[in-house]
Amino acid sequence: MINRIILNGTSYFGSGSRTILSEEIKSRNLKKAFVVSDINLVNAGITDKVLSILKNAGIEYELFSDIKPNPTVTSVKEGVQKCKLSNSDCIVAVGGGSSIDVSKAIGIIMTNPEHVDVVSLDGAVNTKNPAMPIFALPTTAGTAAEVTINYVITDEERVKKMVCVDPHDIPVVAIIDAELMAGMPKNVAASTGMDVLTHAIEGYITKAAWEMTDMFHLKAIELIYNNLEKAVNDKDMEAINNMGLAQYIAGMGFSNVGLGIVHSMAHSLGAVYDTPHGLANALLLPYVMEYNGEVAYKKYYQIGKVLGIDNLDLTKEEIIEKVVEKIRNLAINVGIPQKLHEINVKEEDLEMLAEKSFNDVCTGGNPRETSVKDILEIYKKAF
Ligand SMILES: NC(=O)c1ccc[n+]([C@@H]2O[C@H](COP(=O)([O-])OP(=O)(O)OC[C@H]3O[C@@H](n4cnc5c(N)ncnc54)[C@H](O)[C@@H]3O)[C@@H](O)[C@H]2O)c1
Ligand SMILES: [Fe+2]
């Protein structure tokens with residue numbers, strides 16, 4: 045058995061760590077940064093916390109902010125055009141998964157121009173050249189896009205979230221600075237935080253999991269369980285910092301082993317209704333955990349220990365029930381809705397959604413062999 049781990053060359057952690065950015069750019073002899081950050085972050089003054097570092101260090105930059113959550117092929121194409129015209133030699137991504145993913149797609153196309161159509165990057169693609177150097181500064185504690193080898197772009201024509209898997213897209217430097225995350229509105233902090241938990245749990249029970257990734261995922265689950273509520277409900281700075289760390293640690297794991305059908309099903313909701321990624325995962329996670337319990341229950345005992353369930357005499361059915369209950373309560377405590385009809389999903393679409401989900405790239409990693417019929421049943425239960 046051969047296992048592979050791909051991580052950033054350099055990463056920094058801790059409140060205020062973004063100040064290291066200029067030194068990292070200069071030490072690589074790079075001259076101009078194409079800064080990618082969504083418009084809400086620009087308007088909220090968060091992007092400026094990074095732009096001011098570039099300004100003070102005399103590093104030239106150009107800002108691209110035409111990005112929406114669940115970013116699109118159109119946005120990437122526009123970004124590529126602007127990046128070319130800007131004559132930049134590196135990319136600075138400031139934002140959540142949406143901004144970082146657009147940066148990755150732009151960075152890949154800049155050095156692999158034969159993929160300018162964007163859609164040919166769907167799935168696992170062996171591009172020829174590493175992306176332009178990307179410096180990633182996440183503003184959500186969620187996707188871990190700063191350390192993963194994936195990016196997710198919505199193809200509007202096919203109504204599909206393309207999960208693009210390519211080691212060439214990994215940022216050369218990741219800077220996890222909790223001060224950039226502190227301004228998240230409560231609903232964004234809750235849903236992106238539950239995305240981290242979904243990565244940790246799906247990555248822990250996925251088919252390709254092994255000792256090293258198990259270590260990352262269990263640690264991430266512990267950090268999330270102890271910090272998510274404080275980070276969301278009390279805006280406790282130490283807890284926000286720990287959530288930033290948890291997202292990165294979970295990313296070190298799942299990026300290298302894959303996920304499961306919570307993500308497949310969430311991708312369909314994102315493509316069809318533009319549902320925020322973390323919210324879709326958060327709502328679906330307990331239902332899919334119940335379904336996967338049948339094959340993943342041995343690992344649920346380990347998750348249970350981390351969640352404070354230390355009764356090892358529990359039966360298979362009991363451990364599934366108790367672990368799922370803890371996860372569901374955590375979601376409720378941070379304000380996550382529990383039914384799909386509450387987030388405007390239409391009952392008549394469930395069959396189409398199940399079909400799309402079954403064909404998602406994450407389905408292959410699910411620990412339990414699944415089918416369109418099984419996925420439809422889970423959607424119905426969650427409806
Ligand atoms: N690359 C990967 O490995 C990976 C993994 C999982 C998900 N994703 C993708 O990432 C995207 C979701 O990213 P996300 O969940 O980080 O959210 P996001 O980037 O879509 O941001 C959500 C909203 O929160 C706002 N926001 C972000 N940070 C903020 C802050 N600090 N203060 C105030 N507002 C803030 C943004 O402006 C935006 O309106 C989806 O498209 C998803 O499919 C990528
Ligand atoms: Fe995710």
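First residue of the sequence shown: 45, per my numbering; consecutive thereafter.
For every residue, glycine included, the Cβ atom is placed at its ideal position computed from N, Cα and C.
- Residue state for A398 is assigned as helix, using DSSP reduced to three classes.
- V138: member of the beta strand (DSSP E) spanning C134 to G139, first to last residue.
- The closest heavy atom of ligand 1 lies 7 Å or more from the beta carbon of A315.
- Between G141 and the set N194, I347, A264 and E369, the nearest pair of CA atoms involves N194.
- Taking 8 Å as the upper bound for CB-CB distance, S81 and G139 are in contact here, some 5 Å apart.
- Membership of N325 in the alpha helix (DSSP H) is indicated by the continuous run H321 to V350.
- Around the CB of I103, 16 or more other CB atoms lie within 10 Å, so the residue is classed as buried.
- In this structure, I49 has its CB at a distance of at least 7 Å from all heavy atoms of ligand 1.
- Restricted to the stretch 56-128, the beta strand (DSSP E) segments that are unbroken, complete and at least 3 residues in length are 76-80 and 104-108, listed in chain order.
- An exposed status is given to M45, since fewer than 16 other beta-carbon atoms sit within 10 Å of its beta-carbon.
- The beta carbons of I220 and Y292 sit closer together than 8 Å.
- The beta carbon of L98 sits closer than 7 Å to the beta carbons of S66, A77 and Y105 from its chain, once the five residues preceding and following it are set aside; these are given in chain order.
- For G53, the three-state secondary structure derived from DSSP is coil.
- Taking each of G123, L107 and L329 in turn and checking the Cα distance to S235, the smallest one comes out for L329.
- When C-beta atoms of the stretch 336-346 are compared with those of the stretch 249-267, three or more pairs fall below 8 Å, so the two segments count as touching.
- With a cutoff of 8 Å on beta-carbon distance, I214 and N52 are scored as near each other.
- Note on G167: under 16 other CB atoms within 10 angstroms of its CB, so exposed under the neighbour-count rule.
- For D110, the CB stays at least 7 Å from every heavy atom of ligand 2.
- With contacts defined as CB atoms closer than 8 Å, T184 and V232 qualify as a contacting pair.
- Your pair I150 and V120 checks out as a contact, with CB atoms roughly 6 Å apart and the cut at 8 Å.
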